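To start, the structure under review is shown below, and the notes come after it.
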Amino acid sequence: MAVELSPVSQIPAEFRVKVDHDRCRRCKRCVLNCSFSAIEFKDKVTPDHRKCVACHRCATFCPESAITIEENPMAYKDNANWTARIRQNTLKQAETGGIILTGMGNPKPYPIIWDHLVIDACQVTNPSIDPLREPMELRTYLGSKPNYLEFENDENGKIKLKTQLAPQIKLDIPVIFAAMSYGAVSHNVHKSLAIAANKMGTLMNTGEGGLHEDLYPYSGRIIVQVASGRFGVHNQYLANSAAVEIKIGQGAKPGIGGHLPGEKVGQEISKTRMIPVGTDALSPAPHHDIYSIEDLSQLIYAIKEATDYKKPVSVKIAAVHNVAAIASGIVRAGADIVTIDGFRGGTGATPAIIRDNVGIPIELALAAVDQRLRDEGIRNQASLICAGSIREAADVAKAIALGADACVIGTAALVSLGCRVCQKCYTGNCAWGIATQRPELTRRLNPDVGSQRLCNLLTAWGHELQEVLGSLGVNSIESLRGSRERLRGVGLDKETLDILGVKPAGVGM
Amino acid sequence: MRCNMRIPSGCAISGLMSESGGRIDGSVVIKSIALMHDRSNGLGGGFAAYGIYPRRSDQYAFHMIFDDAPSKERFEEYLKEHFIIDKDEIIPTRPGGDITNPPLLWRYFLDIEEKKMEFVSDREYVVEKVMEINSKIDGAFVSSSGKNMGAFKGVGYPEDIGNFFKLDEYKGYIWTSHGRFPTNTPGWWGGAHPFSLLDWSIVHNGEISSYGINKRYLEMFGYNLALRTDTEVVAYLFDLLVRRHKLPLELAVKALSAPFWKNIDRMDPQTREVMEAIRMVYGGGLLNGPFSIILGHNRGMVGLNDRIKLRPMTCARKDDMLYMASEESAIREIQPDLDRVWSPKAGEAVIGNLNGEVE
Ligand code: SF4
Ligand code: SF4
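Quick mapping for you: the protein sequence lines, in order, are chains A and B.
Residues in the first sequence are numbered consecutively from 379, following my numbering.
Residues in the second sequence are numbered consecutively from 22, following my numbering.
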């Protein structure tokens, strides 16, 4: 027999919204901006603290700066074991009986290895190079490369290339936009990403939601994804891409499939995904035709056939402890690119238990994979892309030094578009028009403005990467790629340093 | 009295070659490198000489450095297992100079049994063994392993090392030399330049800032980098690219000191395709950082600068002679009357080729 619960929730508010009524001139902009209905107007601006998710939208748009948002200081009695989060989640489950859903990345205080790695610099004998005066090259090519090249002379005795290279994608900056599906994010987000990728000479990734026709003009800069649900996968989709990515796993939810609730499947999404309006889009964890590496190889080659062997095929997996062996198998199965996604990666919606506890840090996974592929002499055969909470250009530099060819940014890109990492993406109410399909909200993101913000972010990171190269006394990104000698660890234990292949700070060459 | 002191720094290299194969004695190159005395600090000097063993030109000549007698014994046991030792002798030295505490210096002239080369070429076989000796036999170090050539090196100023090894008594058609000002690696006999493998020898003025990735790149192809110095990678990269991957020398130098993308973008389509492919495939071998190097090998000598010329290099020609050095004065010192003197552009290799046979 079901027991009626009290209509009053026991879950205390996480935040408090404070309104300075002396400053407020009652323009109601905050009310209009709050997509979580946390602010009402009853004679005056009246917050419902329990509904606030700290998305900052109201505070950002208040012309009088009359709003401040604080963590609720009275919420829980201090306890290092029964943390506020655990108690809050217990209360939530006691009230709902369900899995706790969440969005964006893992917030737990696991050590962030990036922040324990420092980059070397030149002094005296190997002079640094000034990027303002000398060329600094960030150009990178993604794709399978042979171990060596063969040349021949043409009829005039001039040297020409004999080896036929596998398809390559040129990146002007080794930072690409993560797979975020149309459905999980709004059309305007996709458009912003596509325009920016095109302008900056990099790539965006459709995620598993298909490619809206509006984006076909940017196809040379788009990775299209083939996930287990095969949503929106058709010949034209494959044709309108720079590369095709088979998604096996995702860092934020290894071993977990995707679920786009039916409410979000409107007319356009239904058309793009090729599913009826209003139906749930379920992408199961496994591809139901892939239960072995041989099956994966078949799909890789099926895609290569379908695209005339003209596009690199990438395989994306989540970082797990056996990732090195898995990556080696994937390369041997014919993938041109392997993308590894660490457990700090973002997501639209996932059970919190998976996001926060399953998978391993990307730093260790990346280092292990790069070393394994080198030990097996197959590192050239595939490009390695590193994903999963790349927060700043320094993370990119460190990832490349550990062995990545390029990095993927998802959350960072969204933050540049306005995302405040409030982790409520799964509600579909994103106040910034990012993780939502509500038209009145998606309108909040103008793709021209959005793309410019993304371009600015990448331009800034590009300059910063050039500064790092210059300080290392090298003028080309390939001299940083895999150059672990130029990293040193601070406060890392020996085992971690061994896996990273990095010496502790204070040790010379 | 106060005076303006110049702070000397930065290593010296000098090389000369007779393209027609004429052999010259070692006193000439000693004179050249000695002029740049202040560019060294006494912690290393060395020479590579080609054509010095004409009567044993078919045999691999191993120049060895041993810490002590037991390491020599260990090495010889190993050697007997893998090579036929035709002759071995102490490397003659002239005691009484400034060189103190030399290690045991010995050379071996070696043949390889037919059946050992069933599955690998003789050169591949030698490379494998050199890697093994340097990494596994404690106290034994191969200083050179080519045919009809040898490296002579040690801790001291280069002119003292040349004198110590009696190089004036040898004749060669290529001589390269090095005076060392080490900063990031210890001064030890094995660590002096040239670095050599088979007949490849490298003298190097500068630093390889990309050492970390160059090392990992080479390790992927089975090279073992045990010598605690960045120059080692250069010798092995030439071995990998030219001997094993069969890249023409002109293209190998492009892989190591690659043109900038902005220049590649302007090349004619065929050349652009070649250069793009080289950068894509051999990115791990790109040498980045300040360097000028002289590569010696049995058929010639190559001078190469880094991509933005952070280290000096001057070249000159006189008749059949090609000269390269860190300073023009080091060339003028041995040949004041030159046909042509020039400073090669950044990243542009100067290649000297042996036209005929060695005298
Ligand atoms: S936006 Fe600011 S000024 Fe306007 S009603 Fe809200 S609190 Fe008052
Ligand atoms: S995308 Fe929107 S809902 Fe998701 S975390 Fe960012 S601001 Fe919050």
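Here a beta-carbon is modelled for each residue, glycine too, at the ideal position from N, C-alpha and C.
Being a predicted model, the structure only gives us computed values, none of them experimental.
- Under the DSSP assignment, B/Y129 falls in the beta strand (DSSP E) whose first and last residues are 125-132.
- Going by DSSP, B/F162 is part of the beta strand (DSSP E) stretching over 161-165.
- B/S230 counts as buried, since at least 16 other C-beta atoms from the protein chains shown sit within 10 angstroms of its C-beta.
- Linking B/N62 to B/G212 through their CA atoms gives a straight-line distance of about 14 Å.
- Ligand 2 has no heavy atom closer than 7 Å to the beta-carbon of A/K642.
- When 9 Å is used as the limit between beta carbons, B/G183 is near no residue of chain A, the shortest such separation being about 25 Å.
- Residue state for A/C785 is assigned as strand, using DSSP reduced to three classes.
- In this chain, the alpha helix (DSSP H) harbouring B/E153 covers 143-157.
- Interface with chain B (8 Å Cβ-Cβ cutoff): A/N504 is included.
- Identification of residues in the stretch 516-529 of chain A having a C-beta nearer than 7 Å to some C-beta of chain B yields R517, Y519, K523, P524, Y526, L527, F529, given in sequence order.
- Just measuring C-alpha positions, the residue of A/K802, A/V698, A/G879 sitting nearest A/P632 is A/V698.
- Of the candidates A/P545, A/Q501, A/Q603, the residue whose Cα lies closest to the Cα of A/D686 is A/P545.
- The contact set of B/L331 on chain A, defined by CB atoms closer than 7 Å, consists of P505 in chain order.
- If the five residues before and after A/R859 are omitted, its C-beta is found closer than 6 Å to the C-beta atoms of I778, all from its own chain and listed in chain order.
- Contact annotation: the stretch 763-770 of chain A does not touch the stretch 386-397 of chain A, with fewer than three C-beta pairs closer than 8 Å.
- Chain order gives the chain A residues near B/Y232 as E863, where near means a beta carbon separation below 7 Å.
- Contact between A/T789 and A/G483 holds, since their C-beta atoms are separated by about 6 Å, short of 8 Å.
- With respect to the 8 Å criterion, A/T717 and A/S692 are classified as neighbours on the basis of their beta carbons.
- About 5 Å separates the CB atoms of B/I195 and B/G317; that is less than 8 Å, so the two are in contact.
- Under the Cβ distance rule, A/I731 does not count among the residues neighbouring chain B, no pair being separated by less than 8 Å.
- Shown in chain order are the members of the stretch 270-291 of chain B whose Cβ falls below 7 Å from a Cβ of chain A: L272, F281, W282, K283, Q291.
- For A/P632, no chain B residue has a Cβ inside 7 Å of its Cβ, as the nearest lies near 28 Å away.
- Those residues of the stretch 308-332 of chain B placed with their C-beta closer than 8 Å to a C-beta in chain A are N309, G310, P311, R328, I329, L331, ordered along the chain.
- Contacts with chain A at 8 Å (Cβ-Cβ) do not include B/R95.
- Under the Cβ criterion of 8 Å, A/G811 is not counted among the residues facing chain B.
- Taking the C-beta atoms as reference points, B/D132 is found nearer than 8 Å to B/D107.
- Annotation: the continuous alpha helix (DSSP H) that includes A/W839 extends over 825-849.
- At a Cβ-Cβ threshold of 8 Å, B/N155 and B/N245 count as neighbours.
- Counted as a single uninterrupted DSSP element, the beta strand (DSSP E) harbouring B/Y81 occupies residues 81-87.
- Going by DSSP, A/H565 is part of no beta strand (DSSP E) but of the alpha helix (DSSP H) stretching over 565-578.
- The alpha-carbon of B/E102 is positioned some 18 Å away from that of B/H84.
- For B/V49, same chain residues with a beta-carbon under 8 Å away, outside a window of 5 residues either side, are L37, W196, I355 in chain order.
- By the neighbour-count criterion, in which 16 or more other beta carbons inside 10 Å mark a residue as buried, A/V381 falls on the exposed side.
- For B/A298, a Cβ of chain A is located within less than 8 Å of the residue's own Cβ.
- Contact between A/K776 and A/W492 holds, since their C-beta atoms are separated by about 5 Å, short of 8 Å.
- In the three-state DSSP reduction, A/T468 falls in the helix class (H, G or I).
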